[in-house]
Amino acid sequence: MEEHKLNLLELLDYIDPSMLNYQEWVNVGMALKYEGYSVNDWDSWSQRDSARYHDGETEKKWNTFDGSTKPVTGATITQLAKDNGWKPYSADSNDSFDWGDSFVASIDKGYQLINKDYIDGEKVLPPRTWNPVKQITDYIETLFSADDIISYVNDGYKHEQGDHEKWLPNRGVYTKTAGQIIDELRKSNGDVGMVLGDPNVEMGAWIRFNPLDGKGITNENVVDYRYSLVESDSMSIEQQYEVLKKLELPIAVLVHSGGKSLHAIVKVDAQNYPQYQERVDYLYKIVEKNGLKIDRQNKNPSRLTRLPGFERNGKKQYIVDRNIGQANWDEWKEYIEDLNDNLPEMENMAGLFDKPIELAPELIGGVLRQGHKMLIAGPSKAGKSFALIELAISIAEGWSWFGFPINHPGRVLYVNLELDDRSASKRFVDIYNQLGRGHQNVKNIDVWNLRGKTSPMDKLTPKLIRRAAKQNYTAVIIDPIYKVLTGDENNAHDMSIFVNQFDRIATELNCSVIYAHHHSKGAQGGKNSMDRSSGSGVFARDPDAILDLIELPVTEDRYIFKENEVVCELYNQAIKHYVPSYDRVGPDDRFSKKQMEHHLMSAINTLPNSQETLKYIDEQKQKAIQSVRQATAWRLEGTLREFPKFKPVNAWFRYPIHVLDETLQDIKLEDDSPKEKWKKGVQKSNQNRSEKTQQELEEAFNVLSVDGGPVELMEVANYLDIKKTALYNRIRRSMKFKTVGGYLYKTNDDDK
């Protein structure tokens, strides 16, 4: 049950309760109860619809779900999730990328042309001057010809719906022509009631958007299938307006209902009812795929819609726009189909040599172009996060990073997924202070602290893009990505979906995306950069630049040398600070700890508080030595798509920064390649064979010798069943035996 429960609750993440009508919301609750969930699960999800949520309502409704012969099951939730974009893994068609691939999304977008996560809304303005007659006449003239018979309703009755009352329309008037009504309105001197009947300010008014035959108000009475109604209250009015405009719907007239929705009268221009049904199905599919939850009852060609020029509970019904979007149905459908084809246009190469090709500028000189992606891989404790913060600072300040120039400094967003906000701030301060170059452009760095607030990368991406859209970032750094990793990192299909999110960020924000990942297990020396990152090869083939931090084995002699170096420098700086007049330090003395200690004592002992000063310097020396001993050595290598391979960069990671040191270049890495394994295997095999022959020689001597005395060589050779020459070879390789006068003697310690 727990696994099943987790799956259903995850599906609820795809279903926005504010987009459901009342019955659909109830169905979700019934399905949850049938499948064994608690009322808290339903209540927690329902709270996402803050506009309609009422405390205690879910529990009250839950208690009425007493079972049914036709129960609502979890399949209802599954279908709603599918309708809102959820797909089982097997249904997703994203292919993995190879090293040379560019990012092109699926060939068919599935008509999902707008991502509702990016819809902020467009302001809807009421008319400056309220003129009901003009509102009504403009509406009728836009939709109808003068001889069209139209139907309007200006009266109704109250109907109880749960705890609420709702005004419902009567049959209304359906025998007047559009020309007749317009003519009467123009002669009414502004008295709408004289023409259409006195308005009910609680109810408003309605009109049918297709012309009728004057004999009734059903679908059979429709004489021309010109328009369809698109209405949804699943978003705010402003968001509805933006979606309708972005979809370029061929809207004849768009009306504010005086409630929570806009009513779009869309040109469908159908020749008959079957074609009307087909076109409306297509229209609704497109609209629903792009975030608007549609009332399916509006599919009827005789459906009523709100008539502008009237008031409803103190709110006006008015025209928002007329004749917007594509000119007609055919042009709109062609437009949608073109958008749904996600492939770029084919380019003819005739003008290829007409002008120089301008590549994206280099952000990190010789490593990464602006708008491209970079992965930093390394084992745990390699200081990857510190390197990324160093990079963020370098981009903000225009400083070099690991010896590479920052050619286009600018604003940086550091997405912190691992540290609490205070620790992250402290780390920036520590690194800035250790670099010792000031912090003039720290204002160029933004940090988004998401520890404990993360969501999967596909959910985080639109939120990140929406917040960062107007910030003009040069780079977005995400650290670490394991916090937002979805799917199996060893599965190419899952990881291709995951890394595609980085392309979305880079494309939408026109910035570089930089992130870190951990190494695979085992020695890294014999691998190239593309094979060191843990998980699927997609990780290695997706970025434009892959940088690897590989730990170097450091000998005790090298640590002693570094100790001597830092102590000498510390003493030299102390002399300059405390006794700037002291000038006896020779060029060679600066590299000798013994000589520098002599100079330090000579200089400091001239001070009145010499002992206290020496004590303080000694404390600093111990800290410096400890820092050296705690330091680890690293080699930075790279595989680059746009640039030739650079010379490996060597550095010490001395908390909290990486310090370049080219003296480390002579260190050879452990090689775990098959060739090296074979060599080591042969060496070990030879070593084992040699040890075995020596053991046999010693065993033969012990058996044949009397009281440890000498044994004739031929006797030993016969015992071992080998030739005398082979026996001589064994004796030459042995440290325990020697030959004298044809006899085998055991070597005494004094003979060694």
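Numbering (the numbering used here), first residue to last: 2 to 753.
Even for Gly, the Cβ is constructed at its ideal location relative to N, Cα and C.
Three-state class that DSSP yields for residue i in the structure shown
i: Ala652; result: strand
i: Ile16; result: coil
i: Ala179; result: helix
i: Trp333; result: helix
i: Pro463; result: helix
i: Ile668; result: coil
i: Leu245; result: helix
i: Asp311; result: Residue 311 is actually Phe in this sequence, not Asp. Note: Phe311 maps to strand in three-state DSSP.
i: Ser513; result: strand
i: Asp149; result: coil
i: Asn116; result: coil
i: Tyr54; result: coil
i: Leu486; result: coil
i: Asn450; result: strand
i: Ala470; result: coil
Of the listed residues the options, nearest to residue i (C-alpha basis)
i: Ile551; options: Pro380, Val73, Phe503; result: Pro380
i: Val73; options: Gln596, Lys34, Arg49; result: Lys34
i: Arg172; options: Ala179, Asn408, Gly326, Ala206; result: Ala206
i: Asp549; options: Val231, Val368, Ile561, Cys512; result: Val368
i: Arg734; options: Glu663, Gly742, Lys693; result: Lys693
i: Ile547; options: Asn41, Lys577, Val514, Leu571; result: Val514
i: Gly180; options: Glu161, Asp199, Gly709, Leu144; result: Leu144
i: Leu510; options: Ile482, Lys464, Trp653, Pro544; result: Lys464
i: Arg690; options: Arg731, Asp584, His55, Gly710; result: Arg731
i: Val224; options: Ser303, Lys382, Asn492; result: Ser303
i: Asp234; options: Tyr242, Tyr228, Arg227; result: Tyr242
i: Lys317; options: Val567, Val202, Gln631; result: Val202
i: Lys294; options: Leu263, Ala517, Gly198; result: Leu263
i: Asn299; options: Val244, His518, Leu230; result: Leu230
i: Arg794; options: Trp402, Asn64, Tyr119, Tyr38; result: The structure shown does not extend to residue 794, since the chain is modelled only from 2 to 753, so the question has no answer here.
i: Met204; options: Ile218, Ser258, Gln327, Gly217; result: Ser258
i: Leu571; options: Ile605, Lys622, Glu557, Gln596; result: Lys622
Expected contact under 8 Å - CB spacing of residue i and residue j to nearest Å
i: Tyr336; j: Ile394; result: About 47 Å separates the two Cβ atoms, so there is no contact after all.
i: Tyr474; j: Leu389; result: Tyr474 to Leu389, Cβ: 15 Å. No contact.
i: Lys247; j: Trp330; result: Incorrect: roughly 18 Å between the Cβ atoms, too far for contact.
i: Ile16; j: Leu114; result: Not quite, the Cβ-Cβ distance comes to about 21 Å (not below 8 Å), so this is no contact.
i: Thr138; j: Ile183; result: 5 Å
i: Asp214; j: Asn220; result: The pair is not a contact, with the Cβ atoms about 11 Å apart (cut-off 8 Å).
i: Arg452; j: Leu418; result: 6 Å
i: Glu239; j: Lys159; result: With 8 Å as the limit, Glu239 and Lys159 do not qualify as a contact, their Cβ atoms being about 30 Å apart.
i: Val254; j: Arg307; result: With a Cβ gap of about 11 Å, Val254 and Arg307 do not count as contacting.
i: Glu638; j: Pro649; result: 5 Å
i: Ile266; j: Ile325; result: That belief does not hold up - the Cβ atoms of Ile266 and Ile325 are roughly 11 Å apart, past 8 Å.
i: Ile141; j: Ile151; result: 7 Å
Environment of residue i [buried if 16+ CB atoms lie within 10 Å]
i: Lys117; result: buried
i: Ala507; result: buried
i: Asp667; result: exposed
i: Glu363; result: buried
i: Glu36; result: buried
i: Ala147; result: exposed
i: Ser274; result: The sequence shown places Tyr at residue 274, not Ser. So Tyr274 ends up on the exposed side.
i: Lys290; result: buried
i: Gly292; result: buried
i: Phe403; result: buried
i: Glu11; result: exposed
i: Arg313; result: buried
Span of the beta strand (DSSP E) around residue i
i: Val304; result: Reading off the sequence, residue 304 comes out as Arg, not Val. No beta strand (DSSP E) holds Arg304; DSSP gives it neither H nor E.
i: Met375; result: 374-379
i: Phe738; result: 738-741
i: Ile325; result: 316-325
i: Leu418; result: Per DSSP, Leu418 belongs to no beta strand (DSSP E) and is neither H nor E.
i: Tyr226; result: 226-233
Where the alpha helix (DSSP H) containing residue i begins and where it ends
i: Arg559; result: 557-579
i: Arg630; result: 611-631
i: Met195; result: 193-197
i: Val27; result: 23-35
i: Glu509; result: 493-510
i: Pro133; result: 133-144
i: His600; result: 594-605
i: Ala76; result: 75-84
i: Ala1; result: Within the shown structure, residues of the chain are numbered from 2 to 753, placing residue 1 beyond reach of any answer.
i: Tyr277; result: 274-290
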